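Q: Okay, here's the structure, questions in a sec.
Residue numbers (the working numbering), protein chains in the order written: chain A, 8 to 325; chain V, 8 to 325; chain D, 8 to 325.
The structure is reproduced here in structure tokens:
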């Protein structure tokens, strides 16, 4: 391992940004950069995960993330087994443990799991002999999304992201993407801001090491990057947001609001987008402004890097 | 490429029969014949698509076609990623473009797509860097079905299909299979007839280069081949067809109606069949009459040929 | 074949326990033991099924069994094609034959099939040129489950299971697992008992070569193994069982009832469990009592053994 990338990465799982040291993160981002090279991705010499089994277990639908892991695993030579479980059949924690026992007996080397309960991947990690990757758990974390966002930023701003001012905008309360990104960007020395209506900012955000704003004009001031979040459709009526139209008026990112940010500021969105709700199409589709396509490209690459690093770390202790 | 099959096939996509020249078609059919050999199909030396990613994106259900492409891709060594999308989540053209951008960022070499909107594959081909194969779009085209039908006919009638009289019968209006077959069979020099009730024959059929008939007796006269189409169940009541029973009486193919065709005429059907509606079981299951099983066999083979040719053409320009 | 495992295994299919001779069973169990070794399972040298196509056709949902076969096939190097068919689209026997014809034309080497109609795999075996494995058909048989149970018992009790007293408890009437296990355990010389309420014991059980009991206390007396069956939720109200609570009181396995069995008796369950209905969690989760996790481990291994043996047998006649 030391020979491959100079730092002894020893993590067995990828559950939360908070578990990683700064050198761990640098290792993962360097490996991700390596795999951005398509010729490397598609090399017919796939030995990294040859003979290994990756189970891609999704308790929530997410074609994009599940397929990203599937492609990453296959390009490294793994056997990828997709399992999509209807939420209804696995409601009780008890049953999650039975699922864990069943999975463990099939002996996957890596389990990628998305679950609507915060902490489900960590629980599975305790019960399984293989590595567990958190592909999103409830409103808790989505660490591989944060890592792919950081990898995307590196492609634009270089290896050192320190000092960048980044606004994360929209529904922070329900967003695991925001929670993982705040931690990672803080670790990398960015100045992170949260922007959104009071109903969508968590009450403990003052302890996150961020500045909080309730309007786009002051929130975006001087920002190098504006990271928009998806507004869940089920929150658009009633308690949280008066209407789509009003939400877009105050918090949707269009060219007018983008002028509040630094000249040349970049726009990100984890997808899938609600066009005309949290972001306008002319911003989302402008290749000079938007990094959205690069985020997806980075998604396959960073996941190849994560799978690679976890597999090496586990082989080292075996 | 020239060394492999003698003609410089340069098509990047397979979207419509109309895009192909006669030599293109001959190249695809020759490759399809090559892959009819099972020992060739299952050779452990799979280098043609090794390290390449085939995404099998179906917006409409079709186990048969999707699995045929999956098997074809795997037998050539590709990583095959299946994506089945519930029609509801992708209603707007806007979202189709987002899907395209997401897919493109995952960098598939080949995208096989079925969509209920005519022209969706062509739109995706403009946006993607890889090759696109149309696996059926709305009421527009289904070119790989027409190619597999032609390959099936070659196995019975030899390489030259010129002069064969072929009746395509049933619901022509809603059939992409009919549209693709008319074009291809015309190109190959066949004499093509359409047979069906006036409600199910498109009003512009007189410009398709075919003869139109509204009764089976005169329509089938002298035909070498009778190609039946599937009647969609949702059209069986009301506007288009009075009842299943009446439809079968006038247009369902049974032994009695088959006597109107040439002695020894062959029967085809793209499947899945509605037995007792457009075709009777004793005709469908008679190995002396029916080519239906050979059509499925030809499906895997022609798709291997198409994937092979597209991949080579793309490598040539890379 | 003789060179590999000393006995000329000549079975083309795996449809029912009753088709196998005692030496056939010994061959399968020996191969299963071989594949319990994870290093063997994950050897990068996968030649046994290289270039072969395994179609995993499930007309009933069963993530556990389908994924077990998928992992087994992939670890042997096969192309595994999953097909899950909504029960509704394949109601008529007629259509099952069309499905068979379609599948056959795609030329799978092995078809693994689960179907809610007893006899469906046997019918498919007549129509297909490849090998068919019954992964559960109606209330008829589930032979690979019985084989994995026997493999699990071997790991505890050694190669000779003769003389073991084994109680199969619960809903015998609707259980294909019970039917396959009774046959196999009888063949291996075990003393088999059925325990359950009269409403859930089939009326012809007296001809199965077993003893029948209607209470757990006398039924479990002297038993080395207690094999619990899943109670289908739809049978818990009304005709068969008064209530979950009452069922558990009389027939659910807890520590108290387990004392009726031999000291050190082992507990089995084919999964997924209804905890608190047919089995209590403290019994199911006690590693000194429960073999449930080993059963899943044995599932992948025995299926690798079965696929291996069928493939060799077919190659011998080719």
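Backbone N, C-alpha and C define an ideal beta-carbon position, used for all residues, glycine too. No experiment lies behind these values; they were computed from the predicted model shown.
Among residues of its own chain, excluding the 5 on either side of residue 39 of chain D, which ones have a beta-carbon nearer than 6 Å to its beta-carbon?
A: In the third chain, counting from the first residue as 1, residue 39 of chain D sits at position 32. Answer for residue 39 of chain D: 158, 308, 309, 312, listed in chain order.
Q: Can you tell me the Cα-Cα spacing of residue 260 of chain V and residue 103 of chain D, whole angstroms?
A: Within the second chain, numbered from 1, the residue matching residue 260 of chain V stands at position 253. Within the third chain, numbered from 1, the residue matching residue 103 of chain D stands at position 96. Cα to Cα, residue 260 of chain V sits roughly 21 Å from residue 103 of chain D.
Q: Taking only beta carbons into account, state which residues of the stretch 38-69 of chain A come closer than 9 Å to chain D, listed in chain order.
A: The stretch 38-69 of chain A vs chain D, Cβ under 9 Å: 54, 57, 58, 59, 60, 62.
Q: Check whether the Cβ of residue 108 of chain V lies closer than 8 Å to any Cβ atom in chain A.
A: Position 101 of the second chain, counted from the start, is the residue given in the question as residue 108 of chain V. Closer than 8 Å to some Cβ of chain A, the Cβ of residue 108 of chain V qualifies, so yes.
Q: What are the boundary residues of the beta strand (DSSP E) that includes residue 153 of chain D?
A: Sequence index remark: in the third chain, residue 153 of chain D carries index 146 (1-based). Run containing residue 153 of chain D: none in the beta strand (DSSP E); it sits in the alpha helix (DSSP H), 150-164.
Q: If we ignore side chains and look at the alpha-carbon of each, how far apart do residue 113 of chain V and residue 320 of chain A end up?
A: Residue numbering aside, residue 113 of chain V sits at position 106 when the second chain is read from its first letter. Residue numbering aside, residue 320 of chain A sits at position 313 when the first chain is read from its first letter. Going by the C-alpha atoms only, they are around 26 Å apart.
Q: Please decide whether residue 92 of chain D counts as near chain V, where near means a Cβ-Cβ distance under 8 Å.
A: Locating residue 92 of chain D in the third chain gives position 85, where the first residue counts as 1. Cβ-Cβ to chain V under 8 Å: yes for residue 92 of chain D.
Q: Excluding five sequence neighbours on each side, which residues of the same chain lie with their C-beta closer than 8 Å to the C-beta of residue 181 of chain V?
A: Position 174 of the second chain, counted from the start, is the residue given in the question as residue 181 of chain V. Taken in chain order, the residues that qualify are 146, 207, 239, 242.
Q: For residue 3 of chain V, which residues in the same chain have their Cβ closer than 8 Å to its Cβ, ignoring the five residues on either side in sequence?
A: Past the boundaries of the shown model lies residue 3 of chain V; chain V is included only from 8 to 325, so the question cannot be answered.
Q: Pull up the DSSP beta-bridge partners for residue 122 of chain D, would you.
A: Here residue 122 of chain D refers to the residue found at position 115 of the third chain. Answer is D:144, bridged to residue 122 of chain D.
Q: Using a 10 Å radius around the Cβ and a threshold of 16 neighbouring Cβ atoms, would you call residue 20 of chain A buried or exposed?
A: As a first step, residue 20 of chain A must be located in the first chain, where it is residue number 13. Residue 20 of chain A should be labelled buried.
Q: Run down chain A in chain order and give the residues with a C-beta less than 7 Å from the C-beta of residue 303 of chain D.
A: The residue you call residue 303 of chain D lines up with position 296 of the third chain. Here the neighbours are 109, 112, 113.
Q: Return the bridge partner residues of residue 235 of chain A from the DSSP annotation.
A: Translated into the one-based positions of the first chain, residue 235 of chain A becomes position 228. DSSP output for residue 235 of chain A lists A:176 as bridge partner(s).
Q: Use the C-beta contact count for residue 233 of chain A: other C-beta atoms within 10 angstroms, 16 or more gives buried, fewer gives exposed.
A: Sequence index remark: in the first chain, residue 233 of chain A carries index 226 (1-based). Under this definition residue 233 of chain A is a buried residue.
Q: For residue 83 of chain V, which residues of its own chain have a beta-carbon under 7 Å away from its beta-carbon, when the five flanking residues on both sides are left out?
A: To locate residue 83 of chain V, count along the second chain from 1; it is residue 76. So the qualifying residues of the chain are 53, 55, 56, 311, 314, 315.
Q: Alpha carbons only, please: which of A:253, A:193, A:268 is nearest the one belonging to residue 284 of chain A?
A: Here residue 284 of chain A is taken as the residue at index 277 of the first chain, counted from 1. Cα-wise, what sits closest to residue 284 of chain A is A:253.
Q: So, does the CB of residue 270 of chain A fall closer than 8 Å to a CB anywhere in chain D?
A: Mapped onto the first chain, residue 270 of chain A falls at position 263. Closer than 8 Å: no.
Q: With 16 as the cutoff for other CB atoms within 10 Å, does residue 4 of chain D come out buried or exposed?
A: Limits of chain D in this structure are 8 at one end and 325 at the other, which puts residue 4 of chain D out of reach.
Q: Mapping DSSP to helix, strand and coil, what is residue 193 of chain D?
A: Locating residue 193 of chain D in the third chain gives position 186, where the first residue counts as 1. DSSP places residue 193 of chain D in helix when its eight states are reduced to three.
Q: Which residues does DSSP list as the beta-bridge partners of residue 218 of chain A?
A: Taking the first chain and counting its residues from 1, the one referred to as residue 218 of chain A is at position 211. Per DSSP, A:200.
Q: Assuming residue 184 of chain V and residue 236 of chain V make a contact with CB atoms under 8 Å, what is their CB distance in whole Å?
A: As a first step, residue 184 of chain V is located in the second chain; it is residue number 177 there, counting from the start. As a first step, residue 236 of chain V is located in the second chain; it is residue number 229 there, counting from the start. That pair is a contact at about 6 Å.
Q: Any contact of the stretch 26-33 of chain D with the stretch 187-195 of chain D, i.e. 3+ C-beta pairs under 8 Å?
A: They touch, by the three-pair rule.
Q: If residue 130 of chain D sits next to residue 118 of chain D, beta carbons under 8 Å apart, how far is it from one beta carbon to the other, in whole angstroms?
A: Taking the first residue of the third chain as 1, we reach residue 130 of chain D at position 123. Taking the first residue of the third chain as 1, we reach residue 118 of chain D at position 111. 12 Å between Cβ atoms; not a contact.
Q: For residue 117 of chain D, which three-state DSSP category applies?
A: Position 110 of the third chain, counted from the start, is the residue given in the question as residue 117 of chain D. Three-state result, residue 117 of chain D: strand.
Q: Beta carbon of residue 125 of chain A, beta carbon of residue 153 of chain A: below 8 Å?
A: Stepping through the first chain from its first residue, residue 125 of chain A is reached at position 118. Stepping through the first chain from its first residue, residue 153 of chain A is reached at position 146. No.
Q: Counting contacts by CB-CB distance shorter than 8 Å, is residue 86 of chain V in contact with chain A?
A: As a position in the second chain, residue 86 of chain V is number 79, starting the count at 1. Yes, contact with chain A.
Q: Assign residue 96 of chain A to buried or exposed, taking buried as 16 or more other Cβ atoms, counted over all protein chains shown, within 10 Å of its Cβ.
A: Start at 1 with the first residue of the first chain, and residue 96 of chain A comes out as number 89. Per-residue confidence for residue 96 of chain A stands at a pLDDT of 46, beneath the threshold of 50, marking its modelled position as unreliable; no derived number is given.
Q: Between residue 205 of chain V and residue 266 of chain V, what straight-line distance do the alpha-carbon atoms span, to the nearest angstrom?
A: If you number the second chain from 1, residue 205 of chain V lands on position 198. If you number the second chain from 1, residue 266 of chain V lands on position 259. If you take the alpha carbons of residue 205 of chain V and residue 266 of chain V, they lie about 23 Å apart.
Q: Measure how close the beta-carbons of residue 88 of chain A and residue 166 of chain D come, nearest whole angstrom, since I'm counting them as under 8 Å.
A: If you number the first chain from 1, residue 88 of chain A lands on position 81. If you number the third chain from 1, residue 166 of chain D lands on position 159. Contact flag wrong, Cβ pair sits at about 32 Å.
Q: Give a yes or no on whether the minimum CB-CB distance between residue 31 of chain D and chain V is below 8 Å.
A: Reading the third chain from its first residue, position 24 is the one you call residue 31 of chain D. Chain V contact via Cβ: absent.
Q: Between which two residues does the beta strand (DSSP E) holding residue 87 of chain D run?
A: Residue mapping note: residue 87 of chain D aligns to position 80 of the third chain, counting from 1. 86-91 is the span of the beta strand (DSSP E), which, as asked, contains residue 87 of chain D.
Q: Please decide whether residue 151 of chain V counts as near chain D, where near means a Cβ-Cβ distance under 8 Å.
A: Along the second chain, read from residue 1 onward, the residue named residue 151 of chain V stands at position 144. It does not; no Cβ of chain D falls within 8 Å.
Q: Measuring straight from C-alpha to C-alpha, what distance separates residue 142 of chain D and residue 247 of chain V?
A: Along the third chain, read from residue 1 onward, the residue named residue 142 of chain D stands at position 135. Along the second chain, read from residue 1 onward, the residue named residue 247 of chain V stands at position 240. Near 43 Å, if we compare the C-alpha coordinates of residue 247 of chain V and residue 142 of chain D.
Q: Which residues in chain D have a C-beta closer than 8 Å to the C-beta of residue 278 of chain V? List them in chain order.
A: If you number the second chain from 1, residue 278 of chain V lands on position 271. The answer, in chain order, is 105, 109.
Q: Using a C-beta cutoff of 8 Å, does residue 77 of chain V count as contacting chain D?
A: In the second chain, counting from the first residue as 1, residue 77 of chain V sits at position 70. At least one chain D Cβ lies under 8 Å of residue 77 of chain V.
Q: For chain A, check one thing: does any of its Cβ atoms lie closer than 8 Å to the Cβ of residue 74 of chain D?
A: Along the third chain, one-based indexing puts residue 74 of chain D at 67. Interface residue, yes.
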